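Heads up: the sequence shown runs through residues 537 to 741, numbered per my numbering.
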Amino acid sequence: MFDAHLRPLIDPPLNRLGLILAGTGLTANSVTLAGFAAGMGAAIAIATGHTLIGLFLIAVNRFADGLDGALARATAKTDLGGYLDITLDFFFYSAIPLAFAIQDPASNALPAVALLASFYANGSAFLAFAIMAEKNKLTTDAQGSKSLYYIGGLAEGTETIALFLLMALVPAWFPALAYGFAAICVVSAGARVLIGVKALRQTGR
Numbered sequence: 537m538f539d540a541h542l543r544p545l546i547d548p549p550l551n552r553l554g555l556i557l558a559g560t561g562l563t564a565n566s567v568t569l570a571g572f573a574a575g576m577g578a579a580i581a582i583a584t585g586h587t588l589i590g591l592f593l594i595a596v597n598r599f600a601d602g603l604d605g606a607l608a609r610a611t612a613k614t615d616l617g618g619y620l621d622i623t624l625d626f627f628f629y630s631a632i633p634l635a636f637a638i639q640d641p642a643s644n645a646l647p648a649v650a651l652l653a654s655f656y657a658n659g660s661a662f663l664a665f666a667i668m669a670e671k672n673k674l675t676t677d678a679q680g681s682k683s684l685y686y687i688g689g690l691a692e693g694t695e696t697i698a699l700f701l702l703m704a705l706v707p708a709w710f711p712a713l714a715y716g717f718a719a720i721c722v723v724s725a726g727a728r729v730l731i732g733v734k735a736l737r738q739t740g741r
């Protein structure tokens, strides 16, 4: 919900940094992989009870996620880069709830399952429409320059990362936060399905 509003604020400084780093030979894919490693480190830290370290590594992961796009724009965007970016993002998003479930199964396992199920529904609606949008040559830059059609929703990257950071900061709140955000994701998934149906009907296919 907030991604489109934040893009004009965060893209300019990231793009400037991307231009600088592109001159050093640093590649977007290497930043994507480094960010993914930080994200998996965050999951391990949380699962073993080191949630503040996890919080820091989540922030590193998200910074890398923004920087790899800036580097790609400064050099050349590739299908491989776009594929790695979205795929590893989904791996990261699933790893954090799982880490909390491992940390405290008695309190966190069921809320984590509910959250992961809502992520699955939201991600399916998002990715399935992206495939159909590509087939029908639909485009958008509402969320910035992306490798695939990004259909907006109530629960997007900004909200998810804010949630993860808050969970890492106050682990005892995980069950309530997980159930609450799962409900938001379900509503977001439903809205994305309705938006997708409307858009595809307009193509006449």
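By construction, the Cβ of each residue, glycine as well, lies at the ideal position given by its N, Cα and C atoms.
As the structure is a computational prediction, the values presented were derived from the model and not from experiment.
C-alpha distance - residue i paired with residue j, whole-angstrom precision
i      : j      : result
LEU550 : ALA574 : 19 Å
GLY680 : LEU736 : Its pLDDT being 49, under 50, GLY680 is placed unreliably by the model, and the measurement read from it follows with that caveat. So the alpha carbons of these two residues sit roughly 22 Å apart.
THR611 : ASP604 : 11 Å
Local Cβ density within 10 Å of residue i, reported as buried at 16 or more and exposed below that
i      : result
TYR619 : exposed
LEU616 : exposed
VAL733 : exposed
Residue range of the unbroken alpha helix (DSSP H) whose run includes residue i
i      : result
GLU695 : 693 to 705
LEU562 : Element bounds for LEU562: n/a, residue is neither H nor E.
THR614 : Careful: THR614 lies outside any alpha helix (DSSP H) and carries neither H nor E.
ASN658 : 641 to 671
THR739 : 710 to 739
Member of the options whose CA lies at the smallest distance from the CA of residue i
i      : options                           : result
ALA581 : LEU651, PRO707 and ALA650         : PRO707
ASP640 : GLY585, GLY571, THR614 and SER566 : GLY585
PRO633 : PHE700, ARG609 and VAL567         : PHE700
ALA727 : MET668, SER660 and ASN672         : SER660
7 Å Cβ shell around residue i - same chain, five flanking residues per side excluded
i      : result
TYR715 : PRO647 and ALA650
ALA631 : GLY575, MET576 and ALA579
Test: residue i CB closer than 7 Å to a CB of chain D
i      : result
GLU670 : The structure shown contains no chain D, having only a single protein chain.
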